[in-house]
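Q: Numbering (the working numbering), first residue to last: 73 to 1103.
I am attaching a structure below and will ask some questions about it afterwards.
And the structure:
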């Protein structure tokens, strides 16, 4: 082969190429973004619309439905869902994977522009957004001090702009604090005395706070603009604003209202480690580097603190998600290094030469570093899956080098000079190692045929392994022959095991002697061997139900969250009382809780606003996993049990999301039309889930609803009193909700000037019933004279999917695997007697498991076909690849046994390991069958050739198997942060490879004889038929 010969003849050139590859890889490594998981490109668009004062039913009918209808016909759309809440609507569109999301967003905007004219006039314009799971909060920082008002100004004017200027940061949202407001509290008695309405006060404030142009005057040869500056310059200006009376006189606002420079009513409170604080939720840009962005934020916080401390303020980092990412990457790198060292030890034990070990082992760092260059140019990131792929393949990177080195020493033993041996040894097996590498990487080709989350996770790992093995192949064909010719002239390495020097050789020779007897007996008892292998395969398959199924292994991230929901309408102080009870329970875990913060109240819908005082949310970060005795999952289970006795609160304890965007583990979708029926059926399903072992945090989107008073205005009666429907609604809204009449500017900031009744006059339903509205003639009209007041319980949220109402019942899973729990729930759902027009389906992670396993199953089948095609091309035969394919069923025995013994459920990462393994295990069969054919072509008897090939190939087979398997042991042990993600892959590869290797050395030779006999029989029959035809 010219490549091998050229590398030996030009060693300096090879060294320069290697150095260039190492330099380029090192530079590329610095430019690679570091994330926990691969970048998720979910083709999801969202249309957010707000409509103040509208109930969920109105939002559904007037906003959500029209938008759903308009976008449902867009090309490539998969599902359309909507969430209608008080004053807000979200319409969520899931497109087919592969659909260009930017083009899809343009199509959505075009449809929204067409439908906007049919939406309510008072509704805000719909906002079209892309749902980007990569743009997520990466840090939370807190600002503490004594003066909340000062903290608010500092947070908005100084800290927030500085944080948002950090490279890679998209936003730094502020939670908590107080907001300044100029409140105009109306005195109903004085308003009545002067005969003016609240609306007149609001209009006077708006009209009195304007700067207008008054034309121009001539000054010399130039026009000078005239401008009347009528904006408020002080709160006294607001107090002295005049309101026109019906008799032509005027009255100051201060005479009919109490004007105060105060703060808005608090709907939320944030606390950090028990102290009042303001929280900055810091979100990175979609394409930002999490670790770099977090480091930039931390540096900015340190710089700001030096100035803030002078004002008795302190800005500190509460939770930093990049820490777990950094620790996870460190653990992967450490496991990779340990794996490489273990592989090198195996090489040293077999080769018994440090120099030869270094020659072979050098392909590992070269392959790894070269891979970084290819990752950089293909836009991949450093994450626990791509790096896990490198760690998994670290032992495979020396396989080609081992084969080449073995052949070089064989040629050396035949009497060739070291240079000629390197040329001929490398060239002779170049096609074999190329074919072997192709079988290992071709299994990843089907990634182009799958989509969904499986593809998002599989592609980075697949590319990483392909890059690494390709780099190691090039090293094996260039660097290994060149280094062998220069460094191994006086080194003699025995691969045939003829001597007994060393404990390893002695053990191997004993093992080979035993293997020779076993193989000889197996070849005589072929039917028995086939029966036993089949029995083992069936027996292992029987263990599958006991293994269980999950989407992804959970990681011990040390981050948890607690969501608290009280009855709708609960006051903020009552919610705070419940939060106090929860804090008391959490004190039992002070020894493992590093930091925590809670936001009481707040909430709302992204993109449309809104808030609620009946909710609270805790974010908790635990100390490092090595310093605590329990995992995050155990902590969550314990806390969930401890908080179960807190009355009147619905509490959900869960691990913080890692951004996978897959939904709840268990999600039952209940579809139908009538809200009351859906609510009743959903409650039955809630009880069903709560009665299922392994569920926790069971919740339903069909909550008990919001208590509300419906004001039904009789338009005819109102008109007889000289009032319009709009006037009535405006006066009610102004009195009880308040109305922002204008903005007061001071020192570059704007503050709301809000007109409303005093809080004591707008607290009860009685206050509403006694409200009077003044008509144009100055007559006081009681609200109850023109409207009926009805106390009802309206829904707090209405969900729809594909233009049909839907309720989602969700649950987390603990103590059991997802597959068994979802299967039990599905069985119970099948037994439900649902009314006509109502049905159920499974969603969330259960749906993702089904879709992902189907996609990966297809990829596995395609990978097997591709492996067969590569081997058929190599052998120029249909029969020999078929024989080698019997290595695949034997690997299944080890895989199932390994998952069962280690108590690891089947997951996406385990299936990825299965696909990887399909390209690895056939290599041993290729080596064995190829050598059997070589010996038979030399005239050796079939059985003798099989036994001799097994004995001769056992050493290199064991060497490649052990280097691959032992290099993965650190990953299989899940040592370090985030290692749980790679553990299923490593377990599958190790147990599957060991199982397949053992059976390949016995079962493949047996199948060789059986299929060869069948082939010979077929040939004889064909020959006989041809002879009979000739006769």
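Virtual Cβ for every residue (Gly too), placed ideally from N, Cα, C.
For residue 306 and residue 323, I'd like the C-alpha separation in whole angstroms.
A: If you number the chain shown from 1, residue 306 lands on position 234. If you number the chain shown from 1, residue 323 lands on position 251. Rounded to whole angstroms, residue 306 to residue 323 spans 19 Å at the Cα level.
Q: Using three-state DSSP, classify residue 1023 as helix, strand or coil.
A: By 1-based counting over the chain shown, the position of residue 1023 is 951. If DSSP states are grouped into helix, strand and coil, residue 1023 belongs with the helices.
Q: At a cut of 8 Å, does the stretch 165-178 reach the stretch 113-127 through at least three beta carbon pairs?
A: Result yes; three or more Cβ-Cβ pairs closer than 8 Å.
Q: Looking at residue 358: is its Cβ nearer than 7 Å to the Cβ of residue 204?
A: The residue you call residue 358 lines up with position 286 of the chain shown. The residue you call residue 204 lines up with position 132 of the chain shown. Going by C-beta atoms, residue 358 is nearer than 7 Å to residue 204.
Q: With a cut-off of 8 Å, do at least 3 Cβ pairs link the stretch 878-894 to the stretch 772-792?
A: The answer is yes - the stretch 772-792 touches the stretch 878-894, with three or more Cβ pairs under 8 Å.
Q: For residue 681, count neighbouring Cβ atoms within 10 angstroms of its own Cβ and tell me buried if that reaches 16, exposed if not.
A: Here the question's residue 681 lines up with position 609 in the chain shown. The predicted model places residue 681 with a pLDDT of 43, which falls under 50 and marks its position as unreliable, so this point remains unresolved.
Q: Can the beta-carbon of residue 597 be found closer than 7 Å to that of residue 961?
A: One-based indexing of the chain shown puts residue 597 at position 525. One-based indexing of the chain shown puts residue 961 at position 889. No. Outside cutoff.
Q: If you draw a straight line from the alpha carbon of residue 716 to that of residue 441, how long is it in whole angstroms?
A: Taking the first residue of the chain shown as 1, we reach residue 716 at position 644. Taking the first residue of the chain shown as 1, we reach residue 441 at position 369. Straight-line Cα distance between these residues: approximately 52 Å.
Q: With a threshold of 16 other CB atoms inside 10 Å of the CB of residue 1072, please say whether the residue is buried or exposed.
A: Position 1000 of the chain shown, counted from the first residue, corresponds to residue 1072. It counts as buried.
Q: How about residue 755 and residue 862: do their beta carbons lie closer than 7 Å?
A: Locating residue 755 in the chain shown gives position 683, counting from the first residue. Locating residue 862 in the chain shown gives position 790, counting from the first residue. For residue 755 and residue 862, no; Cβs fall outside 7 Å.
Q: Based on the DSSP output, what are the partners of residue 1014 in its beta bridges?
A: The residue given as residue 1014 occupies position 942 in the chain shown. In DSSP, residue 1014 forms no bridge with anything.
Q: Classify residue 205 as helix, strand or coil using the three-state DSSP reduction.
A: One-based indexing of the chain shown puts residue 205 at position 133. Residue state, collapsed to three classes: coil.
Q: I'd like the span of the alpha helix (DSSP H) that includes residue 375, first residue to last.
A: If you number the chain shown from 1, residue 375 lands on position 303. Segment 362-380, the alpha helix (DSSP H) holding residue 375.
Q: Per DSSP, what are the beta-bridge partners of residue 314 in this structure?
A: The residue given as residue 314 occupies position 242 in the chain shown. In DSSP, residue 314 forms a bridge with 324.
Q: Suppose you measure from the CA of residue 904 to the CA of residue 761; what does that come to, to the nearest Å?
A: Residue mapping note: residue 904 aligns to position 832 of the chain shown, counting from 1. Residue mapping note: residue 761 aligns to position 689 of the chain shown, counting from 1. For residue 904 and residue 761, the distance between alpha carbons rounds to 13 Å.
Q: Is it a yes or a no for the stretch 533-547 touching the stretch 451-469, going by three-plus beta-carbon pairs under 8 Å?
A: Contact between the stretch 533-547 and the stretch 451-469 is present, because at least three Cβ pairs lie under 8 Å.
Q: What residue range is occupied by the uninterrupted beta strand (DSSP E) comprising residue 387?
A: Reading the chain shown from its first residue, position 315 is the one you call residue 387. It spans 386-392 - the beta strand (DSSP E) in which residue 387 sits, taken as one unbroken run.
Q: Less than 7 Å between the C-beta atoms of residue 872 and residue 154, yes or no?
A: By one-based count along the chain shown, residue 872 stands at place 800. By one-based count along the chain shown, residue 154 stands at place 82. Taking 7 Å as the Cβ cut-off, residue 872 and residue 154 qualify as a contacting pair.
Q: Based on DSSP bridge pairs, tell me the residues matched to residue 212.
A: Counting from one through the chain shown, the residue named residue 212 turns up at place 140. Note: residue 212 sits in a beta bridge opposite 353, 391.
Q: Determine contact between the stretch 952-968 and the stretch 924-944, defined as no fewer than three beta-carbon pairs at a distance below 8 Å.
A: Yes, the stretch 952-968 touches the stretch 924-944.
Q: Assess, as a yes-or-no matter, whether the stretch 385-395 is touched by the stretch 214-223 under the definition of 3 or more beta carbon pairs within less than 8 Å.
A: Verdict: yes, contact present.
Q: So for residue 788, helix, strand or coil by DSSP?
A: What you label residue 788 is simply residue 716 of the chain shown in a count that begins at 1. Here residue 788 sits in helix by DSSP.
Q: Tell me the rounded alpha-carbon separation between residue 877 and residue 703.
A: The count along the chain shown starts at 1 and reaches residue 877 at position 805. The count along the chain shown starts at 1 and reaches residue 703 at position 631. Going by the C-alpha atoms only, they are around 39 Å apart.
Q: Exposed or buried, which one is residue 622 when buried takes at least 16 other CB atoms within 10 Å?
A: For the purposes of this step, residue 622 is identified with residue 550 of the chain shown, where counting begins at 1. Answer is buried; the Cβ neighbour count reaches 16.
Q: I need the DSSP call for residue 679, collapsed to helix, strand or coil.
A: In the chain shown, residue 679 corresponds to position 607, counting from 1. The predicted model places residue 679 with a pLDDT of 40, which falls under 50 and marks its position as unreliable; any figure quoted below should be read in that light. The answer is coil: DSSP assigns residue 679 none of H, G, I, E or B.
Q: What does a CB cutoff of less than 7 Å around residue 821 pick up in its chain, not counting 5 residues either side in sequence?
A: Start at 1 with the first residue of the chain shown, and residue 821 comes out as number 749. None.
Q: I want to know whether the stretch 995-1004 touches the stretch 1087-1097 - three or more CB-CB distances under 8 Å.
A: No, because fewer than three Cβ pairs between the stretch 995-1004 and the stretch 1087-1097 fall closer than 8 Å, the two stretches do not touch.
Q: Give the single residue among 443, 252, 394 whose Cα lies nearest to the Cα of residue 362.
A: Taking the chain shown and counting its residues from 1, the one referred to as residue 362 is at position 290. Comparing Cα positions, the closest option is 394.
Q: Does the Cβ-Cβ distance between residue 547 and residue 1039 come in under 7 Å?
A: Counted from its first residue, the chain shown places residue 547 at position 475. Counted from its first residue, the chain shown places residue 1039 at position 967. No, the Cβ-Cβ distance between residue 547 and residue 1039 is not below 7 Å.
Q: Just confirm the distance between the C-beta atoms of residue 669 and residue 342, as a whole number of angstroms; I'd bet it's less than 8 Å.
A: As a working mapping, residue 669 is identified with position 597 in the chain shown. As a working mapping, residue 342 is identified with position 270 in the chain shown. Between residue 342 and residue 669 the Cβ distance is about 6 Å, and since that is below 8 Å, they are a contact.
Q: Which first and last residues belong to the alpha helix (DSSP H) in which residue 963 is found?
A: Taking the chain shown and counting its residues from 1, one reaches residue 963 at position 891. Residues 959-974.
Q: Tell me the start and end of each unbroken alpha helix (DSSP H) in the stretch 732-817 that is at least 4 residues and wholly inside, in chain order.
A: As far as the stretch 732-817 is concerned, its whole alpha helix (DSSP H) runs of at least 4 residues are 747-762, 787-792, 797-804.
Q: Identify whether residue 406 lies in helix, strand or coil by the three-state DSSP scheme.
A: Locating residue 406 in the chain shown gives position 334, counting from the first residue. DSSP places residue 406 in helix when its eight states are reduced to three.
Q: On the DSSP bridge assignment, give the partners of residue 255 in chain order.
A: Along the chain shown, read from residue 1 onward, the residue named residue 255 stands at position 183. 332, 826.
Q: Buried or exposed for residue 88, please, with buried defined as at least 16 other CB atoms from any protein chain shown within 10 angstroms of its CB.
A: Your numbering for residue 88 matches position 16 in the chain shown. The residue is exposed, with fewer than 16 neighbouring Cβ atoms inside 10 Å.
Q: Roughly how many angstroms separate the alpha carbons of residue 928 and residue 369, rounded to a whole number?
A: Reading the chain shown from its first residue, position 856 is the one you call residue 928. Reading the chain shown from its first residue, position 297 is the one you call residue 369. Computed Cα separation, rounded: 39 Å.
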